[in-house]
Structures are given as C-alpha cells and as structure tokens.
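A.B. asks: Please find one structure pasted underneath; my questions will follow.
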Amino acid sequence: MDVKKLAPVSDMTLWRWIKAGAFPKPIKITSRNYWRADEITAWLDKKSAERTA
3 MDVKKLAPVS
13 DMTLWRWIKA
23 GAFPKPIKIT
33 SRNYWRADEI
43 TAWLDKKSAE
53 RTA
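In terms of the numbering used here, the numbers along the sequence shown are unbroken and rise by one, the last being 55.
Shown next, in the form of structure tokens:
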C-alpha cells in the first residue's frame, strides 16, 4: 500500500506520528517498510469518525 498517497505528509511527520503512536507501525522486510492495508484503512476510518464527531 502506498502510504504516501493516503497520508500526503513529509517523511518526518509520518515518523513522528508513528513514534507517538498516532499512525500504524510499518512491517520491516529487509531494508524496506510495508504497511498492512487493513491497519491503514482502520486508521483512515478512525480519522474520518473523529472529523465528523
């Protein structure tokens, strides 16, 4: 999943969110980072619910 298209923020902001627990942690395979699609979808759903609340 291309996280940068779903959360178009800088790399530094993304890593700050991860460190703060505000964004799902990636799965590291060799030297690359991957995110589970279901975790990103859940994060987007949560953010949408917060916006409408």
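Glycine included, each C-beta is placed from N, C-alpha and C at the ideal position.
Since the structure is predicted, the reported quantities are computational estimates derived from the model, not experimental observations.
Start and end of the alpha helix (DSSP H) containing Lys49?
C.D. replies: Here residue 49 refers to the residue found at position 47 when the sequence shown is read from its first residue. Here the alpha helix (DSSP H) through Lys49 covers Ala39 to Thr54.
A.B. asks: Which runs of the beta strand (DSSP E), 3 residues or longer, sit entirely within the stretch 12-38?
C.D. replies: 29-31 and 34-36
A.B. asks: Would a C-beta distance cut-off of 8 Å place Val56 and Trp37 closer than the cut-off?
C.D. replies: Absent from the model: residue 56. The displayed extent of the chain is 3 to 55, so no value can be given.
A.B. asks: Once the 5 residues before and after Pro28 are set aside, which same chain residues still bring their CB inside 7 Å of it?
C.D. replies: Within the sequence shown, the letter at position 26 stands for residue 28. The residues are Asn35, Tyr36 and Trp37.
A.B. asks: Whole angstroms is fine: what's the gap from Leu16's alpha carbon to Thr54's?
C.D. replies: By 1-based counting over the sequence shown, the position of residue 16 is 14. By 1-based counting over the sequence shown, the position of residue 54 is 52. Approximately 23 Å, taken between the alpha carbons.
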